[in-house]
Every structure is written in structure tokens, then in C-alpha cells.
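Just below is one structure, and these are the notes that go with it.
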Amino acid sequence: MSNDATNTGFLPPPLVLIAAADDSFRTFLEYTVKSRGLFVAGVSDSEALAKRLQTTAPDLLLLESRIPGVETQTLCERLRLDRRTQSMSIIALAAEGDEASRKEMLESGADQFLSRPLSPEILMTSIGAIWHEANWDPAPSKRELLTFLDLELDVSSYRVRRNGRTIHLAPMQFRLLRHLMKNPHKVYSRDELRAAAWPRAVHVGPRTIDVHIGRLRTALNSMGEQELIRTVWSIGYALSD
């Protein structure tokens, strides 16, 4: 981070890692993202991707669903389990003829799944939807602090703490928790949670909501704390003591 960024309170643009085997598609992605002022790195194979992820934790990973030598669903699951990368945003990009991977990629940890053909506008709208209220905000809003028992969520700084311990959440889990904390004890349906955490154009099923709630629970209770998310069978979830 530059001194200017530190002194003004603004964060530098996020680093976007683009992993796509199709050279022309990757070039299109790199040009589109870079032209919006974001930092970009691109890789085309499993070896380069593994090396990059070992040395750098990008803020956002654009991951083509089919890369030779990469089990993309397994990779998403591993990134979500690694503390260093679990808060990384992941947008899965359908390879040619691979629309069927949508459900599996979302349930494995991807935040969004975009299908080809893909316009620059759709790509940047999706990136903006993920980063809105997340790590990169060129104009931070007034501080909004939500609390419930020993849990604290600071919207403006994208920080979550429990009993003083910092908890790292992926953007979708952060949005789910924020929505639950706005009205503790209220039972939210899966449809309501989906509308709160995912952009309108992104279609996810009930199973995907359950998976993200499960990951949120694991993060909140990693030190054996009291369970705070109550399941209301056939209806949804609530924040409860």
C-alpha cells in the first residue's frame, strides 16, 4: 500500500488474478479489468496458478471452470478452508459448453458463476457487486457497527470480531451475517437471504444458501463458542442466543 493510500484512508485497487486456459478469453478479461483501474495478473495452466496462489493471496480470483490439470471445484473448497485465502472473492467463469458446472462451483465456494459469451459490462457489474460493501470501497461510507452478544460487525471496515478475535469471512458470508445481525431473532427464509447476499442476476438454489450458512457457522464457532445461528426447519435461519 502506498503512503498516499495510508494517509488518505483509501485502499489501493484490489489485485485480480485471472486463471483461464483460453488465451483470447484471458486477454479479453485482462484488458477489461485493467482498463477499469484494477491490478491484474493472468495465468493459463495449473503450474502457474499454483505458484501464484502460493506467493500471493489475490483479492479476487476469476477462475475458468475448465483448466487443464486443475480440479476447480476442489480448488475452491481448499481456498475456502485456508485462512490466508478464505476471504478471497471467487467468480467462476464457464468454459465453452460447461454451463453444467454452475451448481457445483457455487456450492464449492465460488461467489458467482458467469456464463459465456460475456460482455465487459456484465463482468464489471459482477465484480462491483462483490466488492460493494466489501474490501475495496473508493469512498468509504459512515461507520456502521452491528453487535450481538460477543459478536461485532463493522460494515465500513469489513471486519468481524467475536470476543475480540478477528474472523475472516468471504464476501457472501459477510453479507449473510450482516443481514442476520440487522434483526436478531428474526427468521429469514432462504429466498430472503439469497436476495440480501447475491446480486439479482445470480441464480443460486437453497442448497447453496445452506452451504454458505454452514461455512459461516464454522468461522464463527472455530474456537468452540456458543452456536449463534439457529436453523428453523423448512423455513430458514435466524441469529439467536
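So for the sequence shown, the working numbering puts the first residue at 95; every next one is plus one. Glycine included, every Cβ here is placed at the ideal spot set by N, Cα and C. Just so you know, these numbers come straight off a predicted model, no measurement behind them.
Under 6 Å Cβ to Cβ from residue i, same chain only, skipping five residues before and after it: list those, please.
i           : result
residue 186 : 157, 159, 199, 204 and 207
residue 116 : none
residue 305 : 201
residue 234 : A caution first: residue 234 carries a pLDDT of 45, below 50, which makes its placement in the model unreliable, though a value can still be read off. So the qualifying residues of the chain are 250.
residue 127 : 110 and 134
Within the same chain, show all residues whose beta-carbon is closer than 7 Å to that of residue i, passing over the 5 residues directly before and after it, in chain order.
i           : result
residue 316 : none
residue 280 : 332
residue 276 : 240
residue 120 : 112, 114, 136 and 138
residue 209 : 188 and 193
residue 255 : 246 and 261
residue 124 : 112, 134 and 136
Considering only residues of the same chain and omitting the five flanking positions on each side of residue i, which have a CB-CB separation below 8 Å?
i           : result
residue 301 : 197 and 201
residue 323 : 274, 307, 310, 311, 314, 331, 332, 333 and 334
residue 171 : 202 and 203
residue 329 : 281 and 283
residue 238 : 248, 249 and 250
For residue i versus residue j, is the C-beta spacing smaller than 8 Å?
i           : j           : result
residue 212 : residue 155 : no
residue 55  : residue 162 : Any property of residue 55 remains undetermined from this structure, which presents the chain solely from 95 to 335.
residue 153 : residue 183 : yes
residue 164 : residue 143 : yes
residue 265 : residue 242 : no
Just mark residue i as buried or exposed, buried being the case when its beta carbon has 16 or more other beta carbons within 10 Å.
i           : result
residue 181 : buried
residue 327 : exposed
residue 320 : exposed
residue 220 : buried
residue 282 : buried
residue 173 : buried
residue 179 : buried
residue 168 : exposed
residue 166 : buried
Between the Cα of residue i and the Cα atoms of the options, which residue gives the shortest distance?
i           : options               : result
residue 271 : 190, 177 and 246      : 246
residue 325 : 284, 289 and 291      : 284
residue 290 : 268, 305 and 278      : 268
residue 346 : 244, 177 and 266      : Only positions 95 to 335 of the chain appear in the structure, and residue 346 is not among them; the question remains open.
residue 218 : 299, 132, 288 and 145 : 132
Is any beta-carbon of chain C found at less than 8 Å from that of residue i?
i           : result
residue 195 : Judged by its chain identifiers, the structure shown contains no chain C, having just a single protein chain.
Whole beta strand (DSSP E) runs in the region 100–166 with 3 or more residues, listed along the chain? Counting whole runs of 3 or more residues, the region 100–166 contains the beta strand (DSSP E) stretches 109–113, 133–137 and 154–158.
Can you list the alpha helix (DSSP H) stretches of 4 or more residues lying completely in the region 262–330, in chain order? Taken in chain order, the whole alpha helix (DSSP H) runs of length 4 or more contained in the region 262–330 are 265–276, 284–291 and 300–314.
Return the chain-ordered ranges of every beta strand (DSSP E) run that is complete within the region 174–204 and spans a minimum of 3 residues. 183–187, all fully within the region 174–204.
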